[in-house]
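K.L.:
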Amino acid sequence: MAHEKIILVEDDLSVSHVIITALRAEGYDVENCKSITERDALMASSHYDLLLTDVGLGEGEGDGISSLGSVKATHPDIPIIIISAQNTLNTAVRASETGAFEYLPKPFDLDELVQVVGQALKPKNIQPIEPSMDEESLPLVGRSPAMQDVYRMIARLLKNDLSVLVLGESGTGKELVAEAIHGLGHRKSGPFIAVNMAAIPSELIEAELFGHEKGAFTGAVASASGKFEQAQGGTLFLDEIGDMPMHAQTRLLRALQSGEINRVGGKGLVKLDVRIIAATNHDFLELIEQGKFREDLYYRINVVPIELPPLRERASDIPALTNHFLKLAVTEGLPHKQISQEGMNLLCHHYWRGNVRELKNVIYRLVVTGREETLSEDAIRQILATERGEDRVESTNMEFEGHIKSIVLGLMAAPEKENLYAQALEKFEKPLLIEMMHHAHGNQIKAAKILGINRNTLRKKLNEYQIDPTQSK
Numbered sequence: 003m004a005h006e007k008i009i010l011v012e013d014d015l016s017v018s019h020v021i022i023t024a025l026r027a028e029g030y031d032v033e034n035c036k037s038i039t040e041r042d043a044l045m046a047s048s049h050y051d052l053l054l055t056d057v058g059l060g061e062g063e064g065d066g067i068s069s070l071g072s073v074k075a076t077h078p079d080i081p082i083i084i085i086s087a088q089n090t091l092n093t094a095v096r097a098s099e100t101g102a103f104e105y106l107p108k109p110f111d112l113d114e115l116v117q118v119v120g121q122a123l124k125p126k127n128i129q130p131i132e133p134s135m136d137e138e139s140l141p142l143v144g145r146s147p148a149m150q151d152v153y154r155m156i157a158r159l160l161k162n163d164l165s166v167l168v169l170g171e172s173g174t175g176k177e178l179v180a181e182a183i184h185g186l187g188h189r190k191s192g193p194f195i196a197v198n199m200a201a202i203p204s205e206l207i208e209a210e211l212f213g214h215e216k217g218a219f220t221g222a223v224a225s226a227s228g229k230f231e232q233a234q235g236g237t238l239f240l241d242e243i244g245d246m247p248m249h250a251q252t253r254l255l256r257a258l259q260s261g262e263i264n265r266v267g268g269k270g271l272v273k274l275d276v277r278i279i280a281a282t283n284h285d286f287l288e289l290i291e292q293g294k295f296r297e298d299l300y301y302r303i304n305v306v307p308i309e310l311p312p313l314r315e316r317a318s319d320i321p322a323l324t325n326h327f328l329k330l331a332v333t334e335g336l337p338h339k340q341i342s343q344e345g346m347n348l349l350c351h352h353y354w355r356g357n358v359r360e361l362k363n364v365i366y367r368l369v370v371t372g373r374e375e376t377l378s379e380d381a382i383r384q385i386l387a388t389e390r391g392e393d394r395v396e397s398t399n400m401e402f403e404g405h406i407k408s409i410v411l412g413l414m415a416a417p418e419k420e421n422l423y424a425q426a427l428e429k430f431e432k433p434l435l436i437e438m439m440h441h442a443h444g445n446q447i448k449a450a451k452i453l454g455i456n457r458n459t460l461r462k463k464l465n466e467y468q469i470d471p472t473q474s475k
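First residue of the sequence shown? That's 3 in this note's numbering, and the numbers climb one at a time after it.
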């Protein structure tokens, strides 16, 4: 059994009790305090093997991250684990900058906490990096559990040059992840060069990436550097790498293996100093099986994978994303708007085939076309219908399942988790009845027939949900 001594800084008694119980069960000696002042006094008078600290402490205490400078100055070798309910990319990065061993967003799994504590008590050589950008300038928005995992992975990549493969559907923000890794990491003073592999003609892709010498091919009237040379000292982002032709894949693999390139038609070698981040919305294993992508190149670029969730799997982030885009629109000269609660609910339950990119387009269209300062549910519904097109108005099975999943995720994110079945049924049944009554123009006999239920049952449901059928005529 372990006997290491741990100091826990946590002002929430219920949280500290759970943590202390779990760690003491593993044999650790845990001492709890509620403030930075109390922490400093305890650490000055006694030896501790690990510091476990919350970020949000009592009023007037600052936060658990800002105060870690003094801890590192007096206890440079103590491993630090940071826990926080402030689950943003900025928190994860700030935790990384302090040289913290790990950052765990609340609510966390106790088994994971115990495991991380055990790992942290093994000596690590962690070097802090320079301070990063502030919260407002961060490229990624959202606090859902799925995005917290993305933030933690990004924070782990800022001090190294490991190749990264960002996976996700179109519109999920893969380039934003690449920009965050570059802009927050040790290469941020160098260039960030992005190239869309799907947009370059096959016959020009090698010259685009590696450059060319004068006369190397028809039209090469002068020598030109490629994306690799332009990205020297920084980051090269290869978007849609799954669309790269096989002949270019072979040359790319050779460059990554050797760390050198030569221009098309050239003889001299150029030593590379570039971090590679690639992205795709393709299934790589399927491409490899079909002979469309080199397996050895796949393993070369997929050192660290980051998978971005589709927006329908992070519906709890939609309000934050919506408000972010509303503020962004104002900075671009568009009028100030806000979304009604009913409108926000509609956005949260939409399927979003185009993910975050589609949401941004919808918000901007609403800002431009909406006449009222507060955008209503009806205005949003009209824009969404136009966005889908007439051939997409009826939900497919996939879209239906996506709506249901969004509802369940939203309910699970709420503090009150009792009677989920009844809550989920109400979320689905009430809008179904409202839409059906609109479709039937208030005719209950027609609506009941379409629904396949008894008219008395329909009337009972309308009364239960306080739906006025006369409003649908």
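C-beta: ideal position from N, C-alpha, C; glycine also.
When DSSP builds the beta bridges, which residues end up paired with R277?
P.N.:
DSSP lists T237 as partners of R277.
K.L.:
Check A442 in the structure and name its three-state DSSP category.
P.N.:
Of the three classes helix, strand and coil, the one that applies to A442 here is coil, per DSSP.
K.L.:
Return helix, strand or coil for H338, following the three-state DSSP convention.
P.N.:
DSSP places H338 in coil when its eight states are reduced to three.
K.L.:
Leaving aside the five residues before and after L164 along the sequence, list all residues of the same chain whose C-beta is less than 6 Å from its C-beta, in chain order.
P.N.:
Once the five neighbours on either side are set aside, the close Cβ partners of L164 are V305, V306.
K.L.:
How about E360 and A281: are their beta carbons less than 8 Å apart?
P.N.:
In this structure, A281 does not lie closer than 8 Å to E360 by Cβ.
K.L.:
For the beta strand (DSSP E) that contains L52, what are its first and last residues?
P.N.:
Unbroken beta strand (DSSP E) run through L52: 52–56.
K.L.:
Leaving out five residues before and five after K432 in sequence, what residues of the same chain have Cβ atoms less than 6 Å from its Cβ?
P.N.:
Closer than 6 Å at Cβ, skipping near neighbours: Y467.
K.L.:
Going by DSSP in three states, N465 sits in which element: helix, strand or coil?
P.N.:
Three-state DSSP puts N465 in a helix.
K.L.:
Runs of 3 residues minimum, wholly inside the segment 161–194: which ones carry the beta strand (DSSP E) assignment?
P.N.:
Correct list: 166–169.
K.L.:
When you compare the CB of S68 with every CB in chain D, is at least one pair closer than 8 Å?
P.N.:
Among the chains of the structure shown, chain D does not appear; only one protein chain is present.
K.L.:
Measure the CB-CB distance between D319 and S98 and report whether it falls below 8 Å.
P.N.:
The answer is no: Cβ separation not under 8 Å.
K.L.:
Report the three-state DSSP secondary structure of Y353 (helix, strand or coil).
P.N.:
Here Y353 sits in coil by DSSP.
K.L.:
Taking the runs of the alpha helix (DSSP H) that are 4 residues or longer, which of them lie wholly in the segment 270–327?
P.N.:
For the segment 270–327, whole alpha helix (DSSP H) runs of length 4 or above, ordered along the chain, are 286–291, 297–303.
K.L.:
In its own chain, which residues sit with a C-beta less than 8 Å from the C-beta of A322, not counting the 5 before and 5 after it?
P.N.:
So the list reads V143, G144, R145, once near-sequence residues are dropped.
K.L.:
Relative to the C-alpha of D29, which residue among E6, M45, V11 is closest?
P.N.:
Sequence inspection shows Gly at residue 29; the Asp mentioned does not correspond to that position. Out of E6, M45, V11, E6 has the C-alpha closest to the C-alpha of G29.
K.L.:
So, with DSSP's three-state summary, where would you put N456?
P.N.:
Of the three classes helix, strand and coil, the one that applies to N456 here is coil, per DSSP.
K.L.:
Would you mind working out which of V73, L310, I21 sits nearest A148, comparing C-alpha positions?
P.N.:
Looking at the Cα atoms, L310 is the closest of the given residues.
K.L.:
Can you give me the Cβ contacts of S225 inside the same chain, cut-off strictly under 6 Å, excluding the 5 residues immediately before and after it?
P.N.:
Excluding sequence neighbours, S225 sits near E215, K216.
K.L.:
Pair every Cβ in the segment 287–299 with every Cβ in the segment 225–236, then say whether three or more of these pairs are closer than 8 Å.
P.N.:
No, the segment 287–299 is not in contact with the segment 225–236.
K.L.:
So, with DSSP's three-state summary, where would you put D31?
P.N.:
Strand at D31.
K.L.:
Can you find the residues in the same chain that come closer than 8 Å, C-beta to C-beta, to L123, ignoring five residues on each side of it along the sequence?
P.N.:
Excluding sequence neighbours, L123 sits near A4, E6, D51, L52, P81.
K.L.:
Do the segment 325–336 and the segment 292–299 make contact, defined as three or more Cβ pairs closer than 8 Å?
P.N.:
They do not touch, by the three-pair rule.
K.L.:
Taking only three categories from DSSP, how would you classify N363?
P.N.:
Of the three classes helix, strand and coil, the one that applies to N363 here is helix, per DSSP.
K.L.:
Helix, strand or coil for S37, going by three-state DSSP, please let me know.
P.N.:
In this structure, S37 counts as coil in the three-state DSSP scheme.
K.L.:
Which stretch, first to last residue, makes up the beta strand (DSSP E) that contains K216?
P.N.:
K216 -> no beta strand (DSSP E), and no H or E assigned at all.
K.L.:
Given this structure, state the Cα-to-Cα distance separating G185 from L453, to the nearest angstrom.
P.N.:
Answer to the nearest angstrom: the Cα atoms are 54 Å apart.
K.L.:
In or out: M248 buried (at least 16 other Cβ within 10 Å) or exposed?
P.N.:
So M248 counts as exposed.
K.L.:
Is it buried or exposed, R394, if we count other Cβ atoms within 10 angstroms and call 16 or more buried?
P.N.:
Because the pLDDT at R394 is just 44, under 50, the model does not fix this residue reliably, and the value given afterwards should be weighed accordingly. Exposed: under 16 other Cβ atoms inside 10 Å.
K.L.:
Would I308 and V119 be called neighbours here (beta carbons separated by less than 8 Å)?
P.N.:
No, they are not a contact pair.
K.L.:
Do G213 and V276 count as a contact pair if the criterion is CB distance below 8 Å?
P.N.:
Contact flag unset, no.
K.L.:
Suppose you measure from the CA of V272 to the CA of N264; what does that come to, to the nearest Å?
P.N.:
Rounded to the nearest angstrom, the two C-alpha atoms are 6 Å apart.
K.L.:
What residue from G268, V197, S260 has the CA that sits closest to M246's CA?
P.N.:
M246 has its Cα closest to that of V197, out of G268, V197, S260.
K.L.:
So, with DSSP's three-state summary, where would you put A94?
P.N.:
Here A94 sits in helix by DSSP.
K.L.:
Which residue's Cα is closest to the Cα of G101: D113, L112, S72?
P.N.:
Nearest of D113, L112, S72 to G101, Cα basis: S72.
K.L.:
Following the continuous beta strand (DSSP E) through P107, name the residue where it begins and the one where it ends.
P.N.:
That run of the beta strand (DSSP E) goes 104–107.
K.L.:
Use the C-beta contact count for H19: other C-beta atoms within 10 angstroms, 16 or more gives buried, fewer gives exposed.
P.N.:
Exposed, by the Cβ-count rule.
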